[in-house]
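*Asks:*
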Amino acid sequence: MSYYQMLRAYAGQETLILPGASVIIYDEANNVLLQKRSDGDWGLPGGLMEPGESFKETVCRETEEETGLTPAADATILFDVFSGDAYYVEAPNGDPYYAVTALYTCSRTEGTLSSGDEETLDLAWFQLDELPDRLRSSHRYFLQLFEKSSQFGDDSA
Numbered sequence: 001m002s003y004y005q006m007l008r009a010y011a012g013q014e015t016l017i018l019p020g021a022s023v024i025i026y027d028e029a030n031n032v033l034l035q036k037r038s039d040g041d042w043g044l045p046g047g048l049m050e051p052g053e054s055f056k057e058t059v060c061r062e063t064e065e066e067t068g069l070t071p072a073a074d075a076t077i078l079f080d081v082f083s084g085d086a087y088y089v090e091a092p093n094g095d096p097y098y099a100v101t102a103l104y105t106c107s108r109t110e111g112t113l114s115s116g117d118e119e120t121l122d123l124a125w126f127q128l129d130e131l132p133d134r135l136r137s138s139h140r141y142f143l144q145l146f147e148k149s150s151q152f153g154d155d156s157a
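Heads up, the sequence shown is in the UniProt record's numbering, so the first residue is 1 and it goes up one at a time.
(1) So, under 8 Å CB-CB, R37 and L121 are touching, yes? Tell me the CB distance rounded to an integer number of Å.
(2) Would you kindly work out how many angstroms separate the C-alpha atoms of E110 and V81, rounded to a whole number?
(3) Where are the beta strand (DSSP E) runs, 3 residues long or more, that stay fully inside the UniProt domain "Nudix hydrolase" (16-148), in chain order?
(4) Less than 9 Å between the beta carbons of T105 and G46, yes or no?
(5) Relative to the alpha-carbon of D27, which residue among E50, P132, F126 has its alpha-carbon at the smallest distance?
(6) Out of curiosity, what's the CA-to-CA distance linking M1 and Q13?
(7) Who are the near neighbours of E65 in its chain, counting only those whose CB is closer than 7 Å to its CB and skipping five residues on each side?
(8) On the criterion of 16 or more Cβ atoms from any shown chain inside 10 Å, does P71 qualify as buried, or is it exposed?
(9) Are the beta-carbon atoms of I24 and L143 separated by less than 9 Å?
(10) Quick check: what's the CA-CA separation for residue 159 versus K56?
(11) Check M1 in the structure and name its three-state DSSP category.
(12) Check whether the Cβ atoms of E119 and Q35 lie closer than 9 Å to each other.
(13) Starting from the Cα of P19, find the closest Cα among A99, D95, D41 and give me that residue.
(14) Residues in the same chain with beta-carbon distance under 6 Å from S138, minus the five sequence neighbours each way, listed in chain order, please.
(15) Under a Cβ-count criterion, where at least 16 other Cβ atoms within 10 Å of its own Cβ denotes burial, should T112 be classed as buried or exposed?
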């Protein structure tokens, strides 16, 4: 049973605050890696924090589980943290929570790209001006912020 499942079992349908991390993995041509999740939506690799983890450890673990890639430590940079009323979510089953998301960027990874995780239907690289229609709205917003940032187009990281 995951930490989230234990929390939900204890709290029932009370509103939770759930910390997690996501990562924008990009290559020299500024393509970004997206994951097609089991619900059919595309999004950034990432997930919920487990007890004792830092945000960076969370994003590294989740990325490896979902993509087969390990973000290079020196190329994984905290971009921003997102929280507040705008990040209130109701899960498909009606469970309410506030997401607190630490967003990282990563310009270099190790390993082989593979979607060996049950949460991942597909993995693909996209140009920022050709993102899929079924992209999670918060992730689309994160990518818009990234495109406007000084990190976009910088392959020196």
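Quick reminder that beta carbons are idealized off the backbone N, C-alpha and C, glycines included.
*Replies:* Considering the structure as presented:
(1) 7 Å
(2) 25 Å
(3) 16-25, 32-37, 46-48, 69-71, 76-82, 88-90, 96-106, 109-111, 120-126
(4) no
(5) F126
(6) 18 Å
(7) D117
(8) buried
(9) yes
(10) Nothing in the structure corresponds to residue 159, since the chain is present only between 1 and 157.
(11) coil
(12) yes
(13) A99
(14) none
(15) exposed
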